[in-house]
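First the structure, in the form of structure tokens, and then the observations on it.
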Ligand SMILES: CC(=O)N[C@H]1[C@@H](OP(=O)(O)OP(=O)(O)OC[C@H]2O[C@@H](n3ccc(=O)[nH]c3=O)[C@H](O)[C@@H]2O)O[C@H](CO)[C@@H](O)[C@@H]1O[C@H](C)C(=O)N[C@@H](C)C(=O)N[C@H](CCC(=O)O)C(=O)O
Ligand SMILES: Nc1ncnc2c1ncn2[C@@H]1O[C@H](COP(=O)(O)OP(=O)(O)OP(=O)(O)O)[C@@H](O)[C@H]1O
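Numbering (full-length UniProt numbering), first residue to last: 1 to 494.
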């Protein structure tokens with residue numbers, strides 16, 4: 001594709017300079033990635049203004065630059081009034097509108113997005129369909145894994161990945177859509193066939209400031225889904241969540257509701273039985289009952305399973321076949337994952353880092369523990385300060401004993417984080433201890449555990465990168481600390 005062909009896809013523009021016939025190598029918004037033959041797009045970000053990098057992009061071989069502000073450079077400049085919108089339009093055009101060719105499921109909500117994408121992936125694999133996943137854990141194109149920085153990447157990365165998915169015969173892509181991505185236009189031009197809402201609770205206030213703004217941000221996924229009945233669009237909505245009516249009104253698509261409380265919902269889970277390592281329930285859809293067996297535990301995962309099954313069903317696949325695939329999912333990495341088990345003590349790692357997720361996972365663990373529930377958790381640095389006492393309170397009130405410690409401090413002073421956690425300690429509570437060092441907290445929790453107990457490490461899931469108070473970044477996983485802690489316990493006992 002040459003410059004003329006690419007920029008024909010933008011209606012309102014002012015071009016300074018003359019386009020050459022050269023083929024475009026790629027489009028990018030980052031000078032650190034610029035190669036000869038690229039088109040560079042200037043984005044005004046949170047830290048830098050891309051316009052300041054335009055000259056550097058030309059030095060590195062950019063053959064055209066898209067800008068909003070006046071530039072003095074010796075390659076054609078395409079002026080537009082919104083470079084982020086232009087970036088989404090150009091990325092779609094450059095990669096040939098690949099999301100139109102895939103079946104796209106977008107999942108939003110505070111908690112449960114990652115889990116739901118992996119439920120969908122397992123169903124797709126069970127149905128022998130090519131599958132794509134995009135989210136917090138990374139990108140998967142069938143079985144090829146690609147690491148990412150963002151839960152929902154920028155529009156260029158997205159379109160490039162969709163193209164790759166299409167080339168690799170992916171039939172359905174399940175992607176997490178963060179509220180930040182919706183607000184910042186990262187998913188502009190993504191043709192979702194199905195949009196899913198898990199739930200909405202207090203999170204990400206550093207960006208949205210109020211719950212109303214946060215709810216409005218997530219609603220964009222539903223209001224942006226194609227306003228046409230030529231291709232079927234479906235909104236899969238959680239009837240147990242307060243957003244249900246609001247989001248139902250926002251979409252022109254057909255709605256499939258799901259619930260574990262309301263028998264009037266389309267996908268209704270009843271007769272639910274919770275076991276230590278699996279869950280069974282009856283799925284009722286239009287008076288037909290399907291027996292579901294899942295290796296995921298916890299009430300919240302029944303909701304996630306309903307969302308996952310409804311999403312694939314919305315694309316036209318047989319519900320009987322979908323239900324038959326559910327046992328194939330053994331678990332989701334870092335989400336209630338058994339990290340170690342010995343002496344009848346089970347150690348789980350989980351990604352709960354919001355008050356609601358903590359409540360849900362602690363309730364689940366209390367349900368299955370034969371003995372005590374010993375929790376280990378902290379609060380992330382540099383964000384969501386108001387969550388800190390709330391999480392502290394929940395952890396101490398719900399666990400039999402809570403080891404409070406550091407999560408990723410992200411360069412913030414851990415002593416400061418702890419000061420903000422302290423007001424959440426319930427009056428008179430004695431069932432907690434604070435160890436600044438997370439490894440020490442995990443070891444102490446393991447030391448305390450007796451047969452029948454569960455140690456639950458929350459907040460980090462399967463994260464491998466740890467960014468501490470001093471600004472140092474190094475490899476650290478809760479799972480490895482748990483295994484080492486169990487070995488240490490065995491040594492201490494002998
Ligand atoms: C605050 C925010 O949203 N930041 C995102 C944003 O970066 P930014 O606005 O800070 O960009 P910037 O660093 O100021 O740079 C501006 C422009 O100059 C360019 N530049 C910059 C430096 C240089 O040397 N050369 C150059 O060309 C940059 O490429 C960019 O185009 O655009 C980047 C590219 O798309 C994102 O990777 C980055 O996400 C950062 C890593 C981030 O932490 N984002 C969070 C807030 C986020 O989006 N989180 C959600 C998930 C949340 C959840 O559900 O838990 C997510 O979807 O990941
Ligand atoms: N439906 C749900 N409702 C409430 N809590 C949930 C739900 N599903 C999972 N959780 C809890 O939230 C944690 C994170 O789950 P998951 O990674 O699936 O959510 P997410 O929406 O992708 O989160 P993030 O946006 O932080 O990446 C889990 O480890 C579990 O403790």
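Beta carbons are placed, not taken as given, at the ideal position from N, Cα and C, and that holds for glycine.
N- and C-terminal bounds of the alpha helix (DSSP H) containing residue i
i: residue 320; result: 319 to 325
i: residue 467; result: Here residue 467 belongs to no alpha helix (DSSP H); instead the beta strand (DSSP E) covers 465 to 467.
i: residue 8; result: First-last for residue 8: undefined, no H or E at that position.
i: residue 105; result: Here residue 105 belongs to no alpha helix (DSSP H); instead the beta strand (DSSP E) covers 103 to 108.
i: residue 117; result: 113 to 126
i: residue 491; result: 478 to 493
i: residue 179; result: 179 to 183
i: residue 220; result: 211 to 223
i: residue 156; result: 155 to 167
Residue i burial status per 10 Å Cβ neighbour count (16 or more: buried)
i: residue 281; result: buried
i: residue 49; result: exposed
i: residue 438; result: buried
i: residue 111; result: buried
i: residue 188; result: buried
i: residue 488; result: exposed
i: residue 429; result: exposed
i: residue 162; result: buried
i: residue 346; result: buried
i: residue 217; result: buried
i: residue 353; result: buried
i: residue 158; result: buried
i: residue 473; result: exposed
i: residue 40; result: buried
i: residue 261; result: exposed
i: residue 289; result: exposed
i: residue 396; result: buried
i: residue 59; result: exposed
Residue from the options with nearest C-alpha to residue i
i: residue 422; options: 392, 405, 430, 139; result: 392
i: residue 210; options: 189, 179, 398, 171; result: 179
i: residue 321; options: 373, 106, 128, 304; result: 128
i: residue 475; options: 466, 483, 481, 482; result: 466
i: residue 68; options: 452, 102, 16, 123; result: 16
i: residue 214; options: 274, 296, 482, 201; result: 201
i: residue 133; options: 249, 102, 490; result: 102
i: residue 8; options: 54, 94, 33; result: 94
i: residue 453; options: 373, 494, 378; result: 373
i: residue 190; options: 199, 57, 221; result: 221
i: residue 13; options: 388, 77, 73; result: 77
i: residue 62; options: 44, 27, 79; result: 27
i: residue 20; options: 4, 325, 147; result: 4
i: residue 409; options: 377, 291, 22; result: 377
i: residue 92; options: 492, 425, 148, 10; result: 10
i: residue 316; options: 72, 380, 105; result: 105
i: residue 56; options: 350, 73, 47, 291; result: 73
i: residue 252; options: 441, 477, 32, 192; result: 192
i: residue 175; options: 383, 325, 114, 363; result: 114
i: residue 32; options: 44, 23, 53; result: 53
i: residue 399; options: 385, 419, 433, 420; result: 433
i: residue 506; options: 181, 245, 247; result: Any question about residue 506 goes unanswered here, given that the chain covers just 1 to 494.
Extent of the continuous beta strand (DSSP E) run through residue i
i: residue 139; result: 138 to 141
i: residue 22; result: No beta strand (DSSP E) holds residue 22; DSSP gives it neither H nor E.
i: residue 145; result: 144 to 146
i: residue 237; result: 234 to 238
i: residue 132; result: 131 to 135
i: residue 202; result: Run containing residue 202: none; DSSP gives neither H nor E here.
i: residue 171; result: First-last for residue 171: undefined, no H or E at that position.
i: residue 16; result: 14 to 16
i: residue 149; result: Looking at the DSSP string, residue 149 is not in any beta strand (DSSP E), and its letter there is neither H nor E.
i: residue 97; result: Element bounds for residue 97: n/a, residue is neither H nor E.
i: residue 474; result: 473 to 475
I'd like to know if the stretch 145 to 153 and the stretch 71 to 83 are in contact, where contact means that at least 3 CB-CB pairs between them fall below 8 Å. no
Write down every uninterrupted run of the beta strand (DSSP E) in the UniProt domain "Mur ligase C-terminal" (334 to 461) whose length is 3 residues or greater and which is fully enclosed by it, in chain order. 337 to 342, 345 to 350, 373 to 377, 401 to 404, 432 to 434, 454 to 458
The stretch 118 to 132 / the stretch 311 to 318 touching (three or more Cβ pairs under 8 Å): yes
On the three-pair Cβ rule with 8 Å, is the stretch 322 to 331 touching the stretch 228 to 247? no
What beta strand (DSSP E) runs, 3 residues minimum, are completely inside the stretch 243 to 307? 254 to 259, 267 to 274, 279 to 285, 288 to 294
Runs of alpha helix (DSSP H) lying entirely within the UniProt domain "Mur ligase N-terminal catalytic" (24 to 95), each at least 4 residues, in chain order: 54 to 59, 83 to 94
Pairing CB atoms from the stretch 404 to 415 with CB atoms from the stretch 356 to 369, are three or more of them under 8 Å? no
Counting beta carbon pairs with one atom in the stretch 262 to 269 and one in the stretch 221 to 231, are three or more of them shorter than 8 Å? no
Answer yes if the stretch 157 to 171 comes into contact with the stretch 135 to 146, meaning at least three C-beta pairs across the two stretches below 8 Å, and no otherwise. yes
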